[in-house]
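This report concerns only the one structure given below.
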Amino acid sequence: MSLYSTSVKRPITTLMVFVAMIVVGLYSLRNIPLDLYPEIEPPFISVFTIYPGAGASDIETNITRPLEDNLSTITNLKNITSVSRDNISAITIEFEYETNLDEATNEIRDVIGRIQRFLPEDIEQPTIFKFSSSMIPVMVLSATAEESYPALAKILDYYVVNPLNRIDGVGTVVLYGEPIREIQVNVDPRQLEAYNVTVEQIGGILAAENINLPSGSLKMGQSEYPLRFTGEFQESDVIKRIVIGNFNGKPVSVSDIAEVKDTLREMTIEERIEGRKGLRMVIQRQSGSNTVNIAKEVTKQLPAIRESLPPDVELKVIVDLSQFIVGAINNLTSILYYAALFVLVVVLFFIGRWRATFIIIITIPVSLIAAFIYLYLSGNTLNMISLSSLAIAMGMVVDDAIVVLENIAKHINRGSRPKEAAVYATNEVGMAVVASTLTVVAVFLPLTMITGLTGLFFRQLGYIVTITVSISTIAALSLTPMLSSKLLTKKSNSKNGIGKSIRDFINRILDGLDNMYVSTLRKSMRNKWLVVVLAFAIFASSMFLMRYIGTGFMPEADQNVVSAKIELPIGVRLEETSKTARAIEDIIVEKYPEAYMYYVSSGYSTSAMFLMAGSSGSNVIDILMRLKPIKERDRDVWQIAESLREDFKSFPEIVKYSVATTGGGPNMGGAPVSVEIYGQDFNETNTFAYELSQRMQNIPGVRDISISRGEERPELRIIPDQEKMSLFGLNTHTVSNAIRNRVEGMTATRFREDGYEYNVVIRHKEEFRNTISDIENISVRNPMGRMVKVKEFATVEEFFAPPNIERKNRVRYLSVNCALHNISLGDVTADIQAEVAKMDIPQGIDIAYGGQVKDQMEAFSDLLLLLALAIFLVYIVMAAQFESFRTPFIIMLAVPFAFTGVMLALYITGTELSVIALIGAVILVGIVVKNSIVLIDYTNLLRARGYTVVQSVVQAGRSRLRPVLMTTLTTVLAMIPMAMSTGEGSEIWKPMGVAVIGGLTFSTIITMVFVPVAYALLGAMKVRKQKRKLANAR
Amino acid sequence: MKSVFIIYNQALTESIQELLDHNNVRGFSQWKDVMGRGSKKGEPHMGTHTWPAMNSATIAIVEDHQVTALLSGIEKINETAEMQGIRAFVWDVVASVG
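Chains E and V are the protein sequences, given in the same order. Sequential numbering of the first sequence, starting at -12, is according to this note's numbering. Sequential numbering of the second sequence, starting at 633, is according to this note's numbering.
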């Protein structure tokens, strides 16, 4: 027994099956986590090897190259890049997406094990570091304080970090820029000499004094008491009174030769939040946990945490990744509601009956909810891709139900009983419904098979549309006939006055439309060749439009964040950098009222994450501005970024700046444009890169040009004369340690208080370690007890350290990177290529294009292949359905005009052709073919019923116009909220809406005229051929 | 006894069943999915893509007095649903066993 007769006969079973599905779907929905994109693990693994004391080029030859050579055989490897710096070699291996990184890690470990004995002996064990998306901070909090500032780190550790760590899913909470208490013993080198003591001596004495020692036990009577000598400093003041030695019979205490300060460690980084001193707390998630849930929980706990803090400590949220995610998801959800509303209006307009409309609309929730079950079972998130997929599916899921319902209504009007009409009418159209669903599936299912980043992104789209459309077909063949058999009645003329006049009015419009279309169709049937020529002309000219449409990778969204990195000349000290930072702060306050939260930090942090990031130093300023929501400001992030660039230009001391509009979030594809220059010779490649960067400056829309190879850094080197040193009885070890203890400081002991430990650091007072001559005048005591000055056996010279050596795929390279403003990626790439062509490229230098350009090219070629595959599969499905080679061909003549429509829509709206727009073009294949099928199928039917070609074409046109308009309008109107939305994240899905609306609208107009004409032409040819055959047979 | 042969669009199956019951016709034989084409204006019912509808056929052997009521009932069905297609033919039953 067939699906539809069963469901009509067992309405309660049918209803219960769908109710069960809805319940399970809603349950799934409750448990699906939210995210921005489908989960994508970055396929990168790094290998760090430390070789103390080796220079960049030694590192390159001895470590990086052998490692690279051996690592390059690893499976699924895509690129291998490396940076060799002084002391460290960092190799990054990029894999194909979806590589099993655990296996890859093992393989890397094997390789390292194999070649380790060929590496220098002194290297530290290479460490393997796997980057994961969970390292992207979920939230960044800031804390500012006045009186409590010195103790801020401790306060936060106890009252903020601990509670936050207890939240489920929170990985780590890291403090940046925390002030650390330190007991400083700043000595005056002249007094040291006068009293004949050294820094090391003081250190030794302090360490010896600050001791608690168990001293056995004491038996008294019946008890035993442990004995303990407690010499540890009770308070930091004690240090001042400690006696170092005797001079001329008088005791010399620490305070005689040094000042003791219980203060904060000298900072290498200065954090300022809204102009106040403070620090940042970065919250990272555990891998596998959900950003939105964590952020929600943190936000929930913040008020209680704030309560517990001292009144002057202020906690603020600088970055909250979830905010954008939640905003974008809410935005898309409301788009879905609008889309559903539009579909409802269209159906009601055409069908004109509430009950019928209800039967059709009910398939929307039923089939969309099925998608939630898929998302839940497959462990996916509810993200922008899955929600946009639902918006796309929305217009399509009602199509099958419409076809089925129309036929049932027809039968009922002819006099069948609803119950029988439901069964037999569904039987009549069942095959056609399944076939049209198959064409859609033929387009969307291949989406699930693409690999790479594009595949990860659009797999969900493929699955969701396939699933929802399949479920909608099942519903159309079971739920729709069942409901029709219960709810539909023979059309009675409306008794209601207003309802009737509205109905009549709509009918008049639709009849007028029918007549207009039929007369156009008749006219074009008389001028078939003219129509064909016109159609080709339109298609050809639209292809010319292509050169005016920019191309890009992913549309960038306004994420309410602007960040900037500014570099002052290399070697500028932190204090100077801070001054510039303060000036920039003032500008932000004055000129950017959109920023409701900002932080400026200068200098570098010593934490590992920052070391990884590469360029950091006392000359670097990081800025992050968090902006008000889009609706509350006039300027978008790109305008603000551009204006910031202008402001930075007015500072003469700023040598390099880059402004980004992402800040914190996942940054797809890295720098937009990256020109990679391969070549062994440093000077040649440097010159070439410099010249290219100069030329790029003249290309409009290019911003923030930077060259990846660092400039040479000045450094001071103390060069000893070994002979003189040995004459004084000194060795390198003693001397280098002695200098380090005096400049960097010697951690003598740890002062303990309330369970925390603080370093006690001895070193020269600041004024005695500021100049080269201060260094030269450092005294070192030799074994004979004599004080020897550094200048007696060594010279201090200024050097320029060689730059980092970067390699990619085992060849030295450097890259010139830039950002874009108001210009498409494709245009800029073309301009740069033109500039490169004008330059003469020296022998041995190769140029390649990386960054988003490369991703874009890969994605485009993937998608074009997919497009070809989709067209082919659709042809196969239709050829099988119609048992004909010719009919599918005629039907698919609608496809090129969909692309014409896409081009036109992109051109008119000024949207660039991005991966998203291209996906829109791919899915159009399935949607426009559907229209064409409806038309041609019916024309074929009329032909078979004995009408002439022209009669069939015209009559099919008249009868199919409304269904075609209806399915087109449901899809187009379902996409309109998507194309028009302006809220968070709208930039990302807009191109898809624009492409689908443009393509579908245009192709429908063309389809309705050109496809019948082509049918008539090819049909006439067939008729002539048959006549000739008949004549020959006779 | 007469045999009434009714051939009709299968969408009318229920109406025919009711008609038979209403007229106290107990015995009948029915063929499902019968193809056919009307002699005058009836659409072909072929179960193909071009002509998707199908017929059913029922033959009932009834007493002579029942025939008129049956035929008028069929006529009534035809009036309410002319597009569906229904025809009935009556002929004599010469003998029967069993």
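All residues carry an ideal CB built from backbone N, CA and C; glycine is no exception. If you're wondering where the values come from, they're calculated on a predicted model, not measured in any experiment.
Legend entry - Three or more C-beta pairs below 8 Å linking the segment 826 to 835 of chain E and the segment 546 to 563 of chain E: no
Inset, instruction - Grab the span of the alpha helix (DSSP H) containing E:F669 for me, first residue to last. - result: First-last of the alpha helix (DSSP H) with E:F669: 669 to 683.
Inset, instruction - Would you decide whether E:K917 is buried or exposed? Buried here means 16 or more other CB atoms lie within 10 Å of its CB. - result: buried
Inset, instruction - Could you tell me how far apart the beta carbons of E:L807 and E:P659 are, in whole angstroms, since I believe they sit closer than 8 Å? - result: 5 Å
Legend entry - Residues bridged to E:L807 [DSSP beta-bridge criterion]: Note: E:L807 sits in a beta bridge opposite E:V689.
Inset, instruction - Along the alpha helix (DSSP H) that carries V:D696, what are the first and last residues, could you check? - result: It is not in any alpha helix (DSSP H) - V:D696 carries neither H nor E in the DSSP assignment.
Inset, instruction - Check whether the Cβ of V:M667 lies closer than 8 Å to any Cβ atom in chain E. - result: no
Inset, instruction - Tell me whether E:V798 is buried or exposed, calling it buried when 16 or more other Cβ atoms sit within 10 Å of its Cβ. - result: Exposed.
Legend entry - Buried/exposed call for E:D307, threshold 16 Cβ in 10 Å: buried
Inset, instruction - Spell out whether any CB of chain E is found under 8 Å from the CB atom of V:Y640. - result: V:Y640 does not count as touching chain E.
Legend entry - Proximity below 8 Å, CB of E:N791 to CB of E:S71: yes
Legend entry - Segments of 4+ residues assigned as alpha helix (DSSP H) that fall wholly inside the segment 292 to 338 of chain E: 308 to 338
Legend entry - Residue-chain proximity (E:G1006, chain V), Cβ-Cβ < 8 Å: no
Inset, instruction - Tell me whether V:H654 is buried or exposed, calling it buried when 16 or more other Cβ atoms sit within 10 Å of its Cβ. - result: exposed
Inset, instruction - Measuring only between beta-carbons, confirm whether E:A931 sits less than 8 Å from chain V. - result: Cβ-Cβ to chain V under 8 Å: yes for E:A931.
Inset, instruction - State the DSSP-derived secondary structure class of E:T736, mapped to helix, strand or coil. - result: If DSSP states are grouped into helix, strand and coil, E:T736 belongs with the strands.
Inset, instruction - Please confirm if the segment 673 to 686 of chain E is in contact with the segment 777 to 789 of chain E, defined as three or more CB-CB distances below 8 Å between the two stretches. - result: no
Inset, instruction - Give a yes or no on whether 8 Å exceeds the smallest Cβ distance from V:L703 to chain E. - result: no
Legend entry - Per-residue contacts from V:S647 into chain E (C-beta, under 8 Å): R404
Legend entry - For V:Y640, three-class secondary structure by DSSP: strand
Legend entry - Limits of the unbroken alpha helix (DSSP H) element including E:T721: Going by DSSP, E:T721 is part of the alpha helix (DSSP H) stretching over 719 to 730.
Inset, instruction - May I ask you to report which of helix, strand or coil DSSP gives E:M826? - result: DSSP places E:M826 in coil when its eight states are reduced to three.
Inset, instruction - Since I believe E:N280 is in contact with E:D417 (beta carbons under 8 Å), could you give me their beta-carbon distance rounded to a whole number of angstroms? - result: Sequence inspection shows Gly at residue 417 of chain E; the Asp mentioned does not correspond to that position. The C-beta distance from E:G417 to E:N280 rounds to 44 Å, too long to meet the 8 Å contact threshold.
Inset, instruction - Identify whether E:L611 lies in helix, strand or coil by the three-state DSSP scheme. - result: strand
Legend entry - For E:A462 and V:N656, the rounded distance between their alpha carbons: 40 Å
Inset, instruction - Note down the Cα distance separating E:G265 from E:I828, rounded to an integer number of angstroms. - result: 50 Å
Legend entry - Residues of the segment 455 to 469 of chain E with Cβ closer than 9 Å to any Cβ of chain V, in chain order: Flagged: no residues at all.
Inset, instruction - Keeping to the same chain, check which residues put their C-beta closer than 6 Å to that of E:V428; ignore five residues upstream and five downstream. - result: T453
Inset, instruction - Indicate whether at least one CB of chain E lies closer than 8 Å to the CB of V:L644. - result: yes
Inset, instruction - Say whether chain V places a C-beta atom closer than 8 Å to the C-beta of E:L856. - result: no
Inset, instruction - Could you give the DSSP three-state label for E:T68: helix, strand or coil? - result: strand
Inset, instruction - At 9 Å on the CB atoms, spell out the chain V contacts of E:R401, in chain order. - result: N641, A643, A713, E714, M715, Q716
Inset, instruction - Identify, in the order they occur along the chain, each residue of the same chain with its Cβ nearer than 7 Å to the Cβ of E:I1023, setting aside the five sequence neighbours on each side. - result: Because chain E here runs from -12 to 1021, residue 1023 of chain E falls outside it and cannot be looked at.
Inset, instruction - Could you name the residues of the same chain whose beta carbon sits closer than 7 Å to that of E:D814, not counting the 5 residues immediately before and after it, in chain order? - result: G537
Inset, instruction - Closer than 6 Å by C-beta to E:N804: which residues in its own chain qualify, once you throw out the five before and the five after it? Chain order, please. - result: A658, S661, S693
Legend entry - Residues that DSSP places opposite E:D708 in a beta bridge: Under DSSP, E:D708 shares a beta bridge with no residue.
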